Amino acid sequence: MFRRGFHSSVKAAERTRVWSDFSNRSKSLGINNVLVKKNVLEGSSAVKGGPVTIGRKSNRLKYNSPEHIDEAFAVSYKYLEDHASKLYEKAKGQENELEREKLIAKAESGNPEVLYNFQYHEKIENDPRIIDYTQPVYRHLGRKHWESYSQMLLMQRLESLQVIPDTMPTLVPKAEVNIRFPYSTGVNKWVEPGEFLSSNVTSLPPAVKIQEYDLVDPSKQLYSVLIVNPDEPDVENDTFKTTLAFGLVNIKIDYNDNVVDPRRYTDENVLAEYVPPVPEKNVPAQRYSVWVFRQTEPIAKGDVVRDNFNIRDFASKDNMEAIGAHVWRSEWDLNVSKVREMYNMPTGRVFSRVRR
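Each residue of the sequence shown is one higher than the last, beginning at 241 in the working numbering.
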């Protein structure tokens, strides 16, 4: 009886150390900095000189933790770690991969080391050693963070600028899409949806970051990226038409290495070479709409007609699913003529209020 009770208690103790034992888990689920980790898990008094996360030394020395918070944290940590171990045990017996991922994410969602990593580190340009999106918990936290602001902002811009339904009929966003242009163009930042950009900034193809939060197989899943302009003047018909500005197909990404730029694709992936925005004078602002699709199978490259491009028919024909989008706006400026020269384009027209 004693032997059985002893061994069962040892196994229980090992099971409850699921957050603490890194012999069989990703290092990204822990805090890499030893002093910060000590502060987070053992309290501010564990490191001489006060919390290392406080920048100014005088403030560190003055800092006092609330009374008994370290004891309360220790009790809570033990309880949550024990609960996490039970969820891991449950996940082991789960045959459904999606349900297993949900259980693992739930088991780690209360881990203070994981929460610290996600709260205080870069989420878009993530370091996989700290925020590793192959881990279910980081995808769970990333999705919640995205849904709390950026996703709502994107949908507001797509709808208020009428990108929906002028390009695609609607969007149920599943992947976070961010774009930025090469530093050489003068703007080195992730572009906010709907932002006006100079034609000089957009003279080179953008880098498109596709952050998947769903469970997918990166070794098999293929993507298409299309950039369309639904505001090209169609003078003959007294209206506007949609043109294809850029098209990529059969792109592969993974959870962390997911920036689509010229280093990732070859001529085999290019459906249509990039044609930069060169709005003509007195034309209304043009909405350059970026759409990202999941493919169900490889797409055969063929001749594509840029003019009067129907993005809905293109997506429907190949049974593609729209999972993310972005948009920026462009209007005539003094750099347009220079960009036209760079791409050997003809001189742009000048429109007036009265037809001549």
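By construction, the Cβ of each residue, glycine as well, lies at the ideal position given by its N, Cα and C atoms.
Computed from a predicted model, the values in this text were never measured in an experiment.
Would you say residue i and residue j are within 8 Å of each other, going by their C-beta atoms?
i, j, result
"Pro473", "Thr407", "no"
"Asn465", "Ile493", "The sequence shown places Val at residue 465, rather than the Asn named in the question. No, the Cβ-Cβ distance between Val465 and Ile493 is not below 8 Å."
"Tyr453", "Arg379", "yes"
"Ala565", "Val448", "no"
"Ile467", "Ser529", "yes"
Please name the residue, chosen from the options, that lies closest to residue i on a Cα-to-Cα basis.
i, options, result
"Gly283", "Arg296, Asn304 and Ser298", "Asn304"
"Tyr495", "Pro516, Pro458, Gly350 and Glu520", "Pro458"
"His361", "Leu401, Phe313 and Asn273", "Asn273"
"Ser439", "Arg569, Ala286 and Arg265", "Arg569"
"Ser316", "Ser298, Ala512 and Gly350", "Gly350"
"His323", "Gln391, Ala345 and Phe591", "Ala345"
"Gln535", "Phe480, Lys278 and Leu488", "Leu488"
"Ile551", "Val523, Lys541 and Ala485", "Ala485"
Would you identify the three-state DSSP class for residue i, choosing helix, strand or coil?
i, result
"Tyr423", "helix"
"Gln526", "strand"
"Ser248", "For Ser248, the pLDDT reaches just 46, beneath the cut-off of 50, and the residue's location in the model is therefore unreliable, leaving the point undetermined."
"Gly295", "coil"
Please classify residue i: is it buried, with 16 or more other beta-carbons within 10 angstroms of its beta-carbon, or exposed?
i, result
"Asn584", "exposed"
"Leu455", "exposed"
"Ser260", "exposed"
"Leu437", "buried"
"Leu381", "buried"
"Tyr463", "buried"
"Phe358", "buried"
"Met392", "exposed"
At what residues does the beta strand (DSSP E) containing residue i begin and finish?
i, result
"Val468", "Leu462 to Asp474"
"Ser570", "Glu561 to Ser570"
"Gly487", "Thr479 to Ile491"
"Ala447", "Ala447 to Glu452"
Could you give the first and the last residue of the continuous alpha helix (DSSP H) run that contains residue i?
i, result
"Ala331", "Ile309 to Lys332"
"Val280", "Val274 to Glu282"
"Phe511", "According to the sequence displayed, residue 511 carries Leu and not Phe. Counting along the chain, Leu511 falls outside any alpha helix (DSSP H), though it belongs to the beta strand (DSSP E) covering Val510 to Ala512."
"Tyr373", "Careful: Tyr373 lies outside any alpha helix (DSSP H) and carries neither H nor E."
"Ala347", "Glu337 to Glu348"
"Glu520", "It is not in any alpha helix (DSSP H) - Glu520 carries neither H nor E in the DSSP assignment."
"Asn357", "Pro352 to Gln359"
What I want to know is whether the C-beta of residue i ends up closer than 7 Å to one or more non-hydrogen atoms of the ligand ADP.
i, result
"Pro446", "Absence of the ligand ADP is noted for the structure shown, with no ligands found whatsoever."
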